[in-house]
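Taken in order, these protein sequences are the chains called U and F. Residue 666 in my numbering sits at position 666 of the first sequence; the count goes up by one each step and never skips. Residue 871 in my numbering sits at position 195 of the second sequence; the count goes up by one each step and never skips. Notes to accompany the following structure.
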Amino acid sequence: MPAAPTVEAMMLGKLDWSAIPFDQPIPLIAGGVVLAGILAVLIWVVVKGHLPYLWHEWITSVDHKRIGVMYILLASMMLLRGGSDAIMMRIQQAIAYQSQGYLPPEHYNQIFSAHGTIMIFFVAMPFVIGLMNLIVPLQLGVRDVAFPTLNSVGFWLTATGALLVNLSLVIGEFARTGWLAFPPLSELSYSPGVGVDYYAWSLQISGVGTLVAGINLVTTVLKLRTKGMNYLRMPMFCWTTLASNLLIVAAFPILTATLAMLLLDRYLGFHFFTNEAGGNVMMFMNLIWAWGHPEVYILVLPAFGIFSEVVSTFSGKALFGYRSMVLATMAICVISFMVWLHHFFTMGAGPDVNAIFGIASMIIAVPTGVKIYNWLFTMYGGRIRFATPMLWAVGFMVTFIIGGLTGVLVAVPPADFMLHNSMFLVAHFHNVIIGGVLFGAFAGFEYWFPKAFGFRLDERWGKLAFWFTFSGFYITFVPLYVAGMLGMTRRMQHYDVAEWRPWMIVAAIGMAVLSIGVICQIMQLVVSIRNREALRDRTGDPWDGRSLEWATSSPPPVFNFAFHPDVRGEDAYWDMKIAAQQQSLEHEEPEYHDIEMPRNSPTGFVCAFFATIMGFALIWHIWWLVILGSLGAFATFVVFAWRDHDEYVIPAAEVAAIDRVNLEERRNLVSMAGAI
Amino acid sequence: MSMTATVGRAHADPHHIGVVVEHPGPAPKRTVTAYGFWVFLLSDIVMFSCFFAAYAVLVSQTADGPKGSEIFEQRNVAIETVCLLLSSFTCGMASIAADVRNRFWFYLGMTVTCVLGLIFLAIEFREFADLVSRGYGPSRSAFLSAFFSLVGCHGLHVSAGVLWLLTMMAQVFAKGFRADVLRRMMCFALFWHALDIIWVGVFSVVYLLGSGV
Chain U
1 MPAAPTVEAM MLGKLDWSAI PFDQPIPLIA GGVVLAGILA VLIWVVVKGH
51 LPYLWHEWIT SVDHKRIGVM YILLASMMLL RGGSDAIMMR IQQAIAYQSQ
101 GYLPPEHYNQ IFSAHGTIMI FFVAMPFVIG LMNLIVPLQL GVRDVAFPTL
151 NSVGFWLTAT GALLVNLSLV IGEFARTGWL AFPPLSELSY SPGVGVDYYA
201 WSLQISGVGT LVAGINLVTT VLKLRTKGMN YLRMPMFCWT TLASNLLIVA
251 AFPILTATLA MLLLDRYLGF HFFTNEAGGN VMMFMNLIWA WGHPEVYILV
301 LPAFGIFSEV VSTFSGKALF GYRSMVLATM AICVISFMVW LHHFFTMGAG
351 PDVNAIFGIA SMIIAVPTGV KIYNWLFTMY GGRIRFATPM LWAVGFMVTF
401 IIGGLTGVLV AVPPADFMLH NSMFLVAHFH NVIIGGVLFG AFAGFEYWFP
451 KAFGFRLDER WGKLAFWFTF SGFYITFVPL YVAGMLGMTR RMQHYDVAEW
501 RPWMIVAAIG MAVLSIGVIC QIMQLVVSIR NREALRDRTG DPWDGRSLEW
551 ATSSPPPVFN FAFHPDVRGE DAYWDMKIAA QQQSLEHEEP EYHDIEMPRN
601 SPTGFVCAFF ATIMGFALIW HIWWLVILGS LGAFATFVVF AWRDHDEYVI
651 PAAEVAAIDR VNLEERRNLV SMAGAI
Chain F
677 MSMTATVGRA HADPHHIGVV VEHPGPAPKR TVTAYGFWVF LLSDIVMFSC
727 FFAAYAVLVS QTADGPKGSE IFEQRNVAIE TVCLLLSSFT CGMASIAADV
777 RNRFWFYLGM TVTCVLGLIF LAIEFREFAD LVSRGYGPSR SAFLSAFFSL
827 VGCHGLHVSA GVLWLLTMMA QVFAKGFRAD VLRRMMCFAL FWHALDIIWV
877 GVFSVVYLLG SGV
């Protein structure tokens, strides 16, 4: 501590003009372009008078469907950011043979750290949480999640984390430590800058958001199901949502505690993970991976759920082996906590411990294999329609099996000693995360888009996007497997081995193909929005679906269902359709009632505003602002707790008017199907 | 829905044991709130377990600094424990008072809970300040880092609890025993009792085990 801090240091902490990288054109230009883009959108919104609409219908909305859409929007934006990082890295490694390339080491290190952090925490997480938010209450036949306002808080805190990570582009720097910030490298003595602080605080803040989402969804699945929706009648996606969110609740506090310890080391001179005074670096490894391995399954389980829905719908059959699927899901949920040590076999645990964790890691492949067979048997004998979501599902099965097999390979400790931290490992986890989570997210996006917006996506562009992404993935990552076999380690800013060069060039070409896939996806969105009238889905059931989300109109009314549906079996909506055909529809009008829905609330947005201020102030050691920010956050909650009316009533007549349209469309649909 | 289904492949009684339990539908709000808060408490306990684990790993890493037995004062810890356990009782009294809408006993129970919580915090603060002034602050050794973090994390929770308690009293004063206020009170009581359970862990693992070594 300095003896007498200057006024400037008290007011601004560590912040001064040197924080803005005037000498580095790439982040400055990138940041400038992003800022200009945000400003342009803001000005457009204000000038066109969309601000009240945005505020009332989206920003303060506590509707799970709106929040889900905002999560997915955030994830898509961040996918572009993380993807840009990936492109820069592939280009660097393609040209940095016996040269420095175009990215200096300290910049390159920030890019691979930011790429991993953003892709996991701000792309994969919000994408799957968004889809769960959007769909799970609909599939359960209920009107909202358990805690609607907290849901909004959770989303906005996630957005805060994303904002802070991107702020580091122009103010200060990001971590150069890799996406998990291993100490002692991430300790103050080796990383004195604000990079690790940006990393840790944005994850702490978004971690709170994720935990809130996890608690919310666990409670929703366990306590808010419609009449007759017994556990073993829930759609598979609800089961995987339950498993994934149980893992969030059990694993994310570990991340919070671990990062808290790292921050205590950095801010207050504690000795959890330092080299001095008895600190223990291996404790960080154990703690971070005790969170990190379950995190893998937090991401991939919802994707498994999406594929289950997609495969069953587009094969026109009930899911094969529903109960074994439930069992496999819950088995993965439990075993995922028993394999964390395979991330550091090489770090001296000894042969016995390594053997146990190696075997456990192989065992977890068994329930995953069960799932693969179930999907294949669901397709077997089915009438398969190869619409875009189904393409992603089939592409996933092929890709994920390869990724799973290389995973079982590195689960063998002696093999892992050869492949640890090599490009082979990089290829493996991209194989499972892109092939599993990202393909799943895209399948869910294509599958449920008509439900969220009331019109389908353009199939031609969708298929193009699939084929470019699919082939681009293989052209990019198969060379990385080979480079890993040739001994190339990960995170290299430049290299001198001639054998690696051709593979890096092929990978860069693959990255270009992948990028075309992303562009096709953007084009698909643009084209579909432009042709939305032609692509309009009035039935609410564009894919001949089987679960309850298809029983309501697209987009669903704010209350989702005029009546809580009465569920009598698996594939609840499918059964209803069959019954309706067999019995010729009842035409009498049901008796409608008033519906109470939670009122909108700016709590989430205001809370995130203060969290952003607090996070920024903590990163730059501006203590007075930290206090101000925390007071503001507390005040926000008190104001929220003080409000007198937290619900509003939708009168029965309005419910009736909305529901009549839906019922009419549905009758037409059923009678048309009956005629055929 | 107006359309009802009679065909379902999976019956509610899959093993044909003759007992059909149909799920009755969404649970009432009070149940949902309490359930969600329980899930939060479980996650909080997971976080504490990390600090417990870190303490267990680092307890012998004293870096030639003091061991636990040299700095722990059993008398203070005993007073702290009594305060917290008593406060759990008075918090329970306040909960009962809230359930029967008795303002006097509610305020009394909450006030005593608050005072006991503050006494606990004052003793803990004095213990910490005393250690720091003797040069045994958290940066002295890994053992002390883990000690200060684990005990301090519990102390922070108690401080947050006191803040929540005061807000709760103000809410009852301003809004009365409304349904949403009662739900919050229920969550507060769960929180306060959970902190007690964690303190039993801290007391046993840190102070009881530590003073023997």
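Backbone N, C-alpha and C define an ideal beta-carbon position, used for all residues, glycine too.
Per DSSP, the bridge partner or partners of residue i
i                 : result
Phe640 of chain U : Per DSSP, none; premise fails for Phe640 of chain U.
Glu596 of chain U : U:Val649
Ser422 of chain U : U:Thr489
Arg536 of chain U : U:Phe455
Tyr97 of chain U  : U:Tyr495
Contacts around residue i, its chain only, beta-carbon distance under 6 Å, and the 5 residues preceding and following it disregarded
i                 : result
Phe386 of chain U : none
Trp694 of chain U : Beyond the ends of chain U as shown, which are 1 and 676, falls residue 694 of chain U; an answer cannot be given.
Ser361 of chain U : Val339, His342, Ala411
Gln204 of chain U : Leu259
Gly632 of chain U : Phe610
Pro2 of chain U   : Confidence at Pro2 of chain U is low in this model, with a pLDDT of 49, below 50, so the placement of that residue should be treated as unreliable; the coordinate-derived value is given next. Excluding positions up to five away in sequence, the list is empty.
Val683 of chain F : Note that Val683 of chain F scores 39 on pLDDT, short of 50, meaning its location in the model is unreliable; the coordinates nonetheless yield the value given after this. No residues qualify anywhere along the chain.
Ala572 of chain U : Leu548
Gly615 of chain U : Leu164, Trp201, Ile205
Gly785 of chain F : Thr766, Met769, Ala770, Ala773
Leu391 of chain U : Phe466
Ala652 of chain U : Tyr592, His593, Asp594
Beta-carbon spacing of residue i, residue j below 8 Å
i                 : j                 : result
Ile384 of chain U : Ser315 of chain U : yes
Ala257 of chain U : Phe727 of chain F : yes
Gly141 of chain U : Val567 of chain U : yes
Ser186 of chain U : Leu262 of chain U : yes
His64 of chain U  : Asn133 of chain U : yes
Phe669 of chain F : Val834 of chain F : In the structure as shown, chain F begins at 677 and stops at 889. Residue 669 of chain F is therefore absent and cannot be evaluated.
Val128 of chain U : Thr220 of chain U : no
Gly454 of chain U : Arg530 of chain U : no
His699 of chain U : Gly403 of chain U : Because chain U in this structure spans residues 1 to 676, residue 699 of chain U falls outside the shown range and cannot be described.
Lys14 of chain U  : His430 of chain U : no
Arg233 of chain U : Glu533 of chain U : no
Tyr297 of chain U : Ile332 of chain U : yes
Leu131 of chain U : Ile72 of chain U  : yes
Met504 of chain U : Gln93 of chain U  : yes
Same chain only: Cβ atoms within 7 Å of residue i, ignoring 5 sequence neighbours per side
i                 : result
Val311 of chain U : Trp375, Thr378, Met379, Ala393
Lys851 of chain F : Val857
Asp541 of chain U : Trp550, Leu669
Met677 of chain F : In this prediction, Met677 of chain F scores a pLDDT of 37, lower than 50, which makes its location untrustworthy; the coordinate-derived value is nonetheless stated afterwards. Nothing listed; no residue qualifies.
Leu761 of chain F : Asp872
Ile475 of chain U : Val506, Ile509, Gly510, Val513
Phe424 of chain U : Tyr481, Gly484, Met485
Neighbourhood of residue i by C-beta, 8 Å cutoff - its chain only, sequence neighbours within 5 removed
i                 : result
Leu54 of chain U  : Val45
Ala290 of chain U : Ala251, Ile254, Phe337, Trp340
Phe605 of chain U : Ile59, Thr60, Ser152, Trp156
Ala703 of chain F : Tyr711
Checklist entry - Using 8 Å as the threshold, is the segment 815–822 of chain F in touch with the segment 732–752 of chain F, meaning 3 or more CB pairs across them? => result Verdict: yes, contact present.
Checklist entry - Can you give, in chain order, each stretch of the alpha helix (DSSP H) that sits fully within the segment 405–474 of chain U and has at least 4 residues? => result Within the segment 405–474 of chain U, complete alpha helix (DSSP H) segments of at least 4 residues are found at 413–419, 423–432, 439–453, given in chain order.
Item to check | Cβ pair count under 8 Å reaching 3, the segment 250–267 of chain U against the segment 154–172 of chain U | outcome: Counting Cβ pairs under 8 Å, fewer than three are found: no touch.
Checklist entry - Hey, which unbroken runs of the alpha helix (DSSP H) at 4 residues or more fall wholly within the segment 813–879 of chain F? => result Whole alpha helix (DSSP H) segments, 4+ residues: 818–851, 855–878.
Checklist entry - Looking at C-beta atoms only, is the number of pairs between the segment 161–177 of chain U and the segment 21–28 of chain U that lie closer than 8 Å three or more? => result Result yes; three or more Cβ-Cβ pairs closer than 8 Å.
Checklist entry - Do the segment 851–867 of chain F and the segment 701–713 of chain F make contact, defined as three or more Cβ pairs closer than 8 Å? => result These segments touch.
Next on the checklist: Check whether the segment 460–472 of chain U and the segment 91–107 of chain U touch, using three or more Cβ-Cβ pairs below 8 Å as the test.
Outcome noted: No: fewer than three Cβ pairs fall under 8 Å.
Next on the checklist: Within 8 Å, do at least three Cβ pairs link the segment 439–448 of chain U to the segment 498–507 of chain U?
Outcome noted: Touching, no.
Checklist entry - For the segment 481–500 of chain U against the segment 107–121 of chain U, are there 3 or more C-beta pairs whose distance is under 8 Å? => result Yes: at least three Cβ pairs fall under 8 Å.
Checklist entry - Are the segment 220–232 of chain U and the segment 272–281 of chain U in contact at 8 Å, needing three or more beta carbon pairs? => result Touching, no, given that fewer than three Cβ pairs across the two stretches are closer than 8 Å.
Next on the checklist: Using 8 Å as the cut-off, can you tell me whether the segment 76–92 of chain U makes contact with the segment 116–124 of chain U, which would need three or more C-beta pairs spanning the two stretches below that distance?
Outcome noted: Segments in contact, yes.
Next on the checklist: Count Cβ pairs between the segment 511–523 of chain U and the segment 457–466 of chain U that sit closer than 8 Å; are there 3 or more?
Outcome noted: Yes, since at least three Cβ pairs between the segment 511–523 of chain U and the segment 457–466 of chain U fall closer than 8 Å, the two stretches touch.
Item to check | Those runs of the alpha helix (DSSP H) which lie wholly inside the segment 499–585 of chain U and span at least 4 residues | outcome: Runs of the alpha helix (DSSP H) lying entirely within the segment 499–585 of chain U and spanning at least 4 residues, in chain order: 501–530, 572–583.
Next on the checklist: Please give me, in chain order, every unbroken run of the alpha helix (DSSP H) with length at least 4 that falls completely inside the segment 193–263 of chain U.
Outcome noted: Along the length of the segment 193–263 of chain U, whole alpha helix (DSSP H) runs at least 4 residues long occupy 195–223, reported in chain order.
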